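Undergrad:
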Amino acid sequence: KELGKGQFGVTYHCTENSTGKQYACKTISKRKLVRKNDKEDMKREIQIMQHLSGQPNIVEFKGAYEDKQSVHVVMELCAGGELFDRIIAKGHYSERAAASICRAIVNVVHACHFMGVMHRDLKPENFLLSSKGENALLKATDFGLSVFIEEGKVYQDIVGSAYYVAPEVLLRKYGKEIDIWSAGVILYILLSGVPPFWA
């Protein structure tokens, strides 16, 4: 069963034959990895997911496999869908509910930065819910634009998503603080139901 589509691949609901356990599998066609950078980006995303594995608010990495046509990244299945869809369904959250979600997002930012990773694309579409229940755990996913932080380096490449991108990214002079900006934008949307800036 297809769970979603991205720029490079499709995510499927899959079952491990030997155990019956259910997972999500992101399948990336090698034909879409045309530039040398695309392959490096794919490797880096897998390395970052391995590195961050075990954090409670980050989707658990299970393994990466390769065949002639594709690369398959297997990870924890989050049956509750995207935070984005939950926001659309609710309209907006109470302060108490928004605070709980924001705590999980800040935990992700802290874990990433503490472990030397800058996410660079925090947005509600990149947070999944562990189940459909109200008390589902929030988990970060999609580390495709993430990088290992090089101390003292000023980053210049423009990345991220329009509503959530920090001004420093557009000025091509930034560091890990851009993740905090994006978290603030998400909090604003949780409370009001609309973005603070119309990009």
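Just so you know, we're using our numbering here: the sequence shown kicks off at 10 and counts up by one.
Built from N, CA and C at the ideal position, the CB exists for glycine as well.
Since this is a predicted model, take the numbers as computed values, not measurements.
Could you tell me the distance, in whole angstroms, from the CA atom of Glu-143 to the CA atom of Lys-45?
TA: Going from the Cα of Glu-143 to the Cα of Lys-45 covers about 43 Å.
Undergrad: In terms of residue numbering, what span does the beta strand (DSSP E) encompassing His-60 cover?
TA: His-60 -> not in any beta strand (DSSP E); alpha helix (DSSP H) instead, spanning 45 to 61.
Undergrad: Which class does Glu-186 belong to by DSSP, given the choice of helix, strand or coil?
TA: If DSSP states are grouped into helix, strand and coil, Glu-186 belongs with the helices.
Undergrad: Compute the Euclidean distance between the alpha carbons of Phe-93 and Gln-64, then round it to the nearest angstrom.
TA: The straight-line gap from Cα to Cα measures roughly 21 Å.
Undergrad: Between Lys-148 and Cys-111, is the Cβ-Cβ spacing less than 7 Å?
TA: Result no, Cβ atoms of Lys-148 and Cys-111 do not sit closer than 7 Å.
Undergrad: At a cut of 8 Å, does the stretch 103 to 119 reach the stretch 182 to 202 through at least three beta carbon pairs?
TA: Short answer: they touch.
Undergrad: Going by beta carbon distance, what residues of the same chain come within less than 6 Å of Glu-54, once the five residues before and after it are set aside?
TA: Phe-152, Gly-153, listed in sequence order.
Undergrad: Which one of Asp-76, Val-83, Gln-78 has the shortest CA to CA distance from Phe-5?
TA: Residue 5 lies beyond the range of the chain shown here (10 to 208); nothing can be said about it.
Undergrad: Rounded to a whole number of angstroms, what is the C-alpha to C-alpha distance between Ile-37 and Leu-12?
TA: So the two alpha carbons sit approximately 14 Å from each other.
Undergrad: What first and last residue would you give for the beta strand (DSSP E) that runs through Cys-34?
TA: 31 to 38 is the extent of the beta strand (DSSP E) around Cys-34.
Undergrad: Nearest to Ser-139 by CA position, among His-101, Glu-75, Ala-33, is which residue?
TA: Nearest C-alpha to Ser-139: Ala-33.
Undergrad: Taking Phe-136 as part of the beta strand (DSSP E), name the residues at either end of that continuous run.
TA: Element bounds for Phe-136: 136 to 138.
Undergrad: Going by the CB atoms, is the gap between Asp-188 and Leu-131 shorter than 7 Å?
TA: Yes, these two residues count as a Cβ contact at 7 Å.
Undergrad: Excluding the five sequence neighbours on either side, which residues of its own chain have a C-beta within less than 6 Å of the C-beta of Tyr-173, listed in chain order?
TA: Cβ within range, chain order: Lys-132, Ser-191, Val-194.
Undergrad: Check whether the Cβ atoms of Leu-196 and Tyr-102 lie closer than 7 Å to each other.
TA: No, they are not a contact pair.
Undergrad: Could you say which of Thr-24, Glu-177, Asn-66 lies nearest to Ala-145 if we only look at CA atoms?
TA: Nearest option by C-alpha distance: Asn-66.
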